[in-house]
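Heads up, the thing below is written out as structure tokens.
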Amino acid sequence: MAKYQVVRAWHGVAVGQVVEMEKVHPSLKANVIPLTQVAPASNEAGDLLKQAQAEIDAMRERAQSELAQRVEEAKQEAQAEADRIISEATAEAERIKQDAQQKAEELTPATPDAGSKQTKAK
Numbered sequence: 001m002a003k004y005q006v007v008r009a010w011h012g013v014a015v016g017q018v019v020e021m022e023k024v025h026p027s028l029k030a031n032v033i034p035l036t037q038v039a040p041a042s043n044e045a046g047d048l049l050k051q052a053q054a055e056i057d058a059m060r061e062r063a064q065s066e067l068a069q070r071v072e073e074a075k076q077e078a079q080a081e082a083d084r085i086i087s088e089a090t091a092e093a094e095r096i097k098q099d100a101q102q103k104a105e106e107l108t109p110a111t112p113d114a115g116s117k118q119t120k121a122k
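What the sequence shown shows, in full-length UniProt numbering, is residues 1 to 122, in sequence order.
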């Protein structure tokens, strides 16, 4: 009996499992490969995986530092915009208070002695 490694699971059989069959049914042919075709894991493959993982880690670190820098820049821009808005609002409030004070000084009292501090004593 020939041994085959499963590359696509089917009912009751898991991927990677080794099965023995005398003859492979045509419906299962795409799901298995002969065990002689399976390449043994080599040190080269392990080295490639380690190198790829190192590159992925370096890319992740660069992306995280770039993202942190962008967040800090956005934070500084937002703070500057908030400071500008507060400054403009404070200036506008001061202008409104001065206008109100000017208009209050122009008002005349409704009664002639309403502005004086003298009171009638009886």
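Yeah, the Cβ is synthetic: ideal placement off N, Cα and C, and Gly gets one too.
Burial is judged here by how many other beta carbons sit within 10 angstroms of a residue's own beta carbon; residue 32 has at least 16 and is buried. Take residue 1, set aside five residues on each side of it, and the residues of its chain with a beta-carbon closer than 7 Å to its own are 20, 21 and 22, in chain order. With respect to residue 3, residue 48 sits apart: the two C-beta atoms are not nearer than 9 Å. Around residue 101, the same chain offers no residue with a beta carbon nearer than 8 Å, after the five sequence neighbours per side are excluded.
Bounds of any beta strand (DSSP E) do not take in residue 22, whose DSSP letter is neither H nor E. Distance from the CA atom of residue 68 to the CA atom of residue 79, rounded to whole angstroms, is 16 Å.
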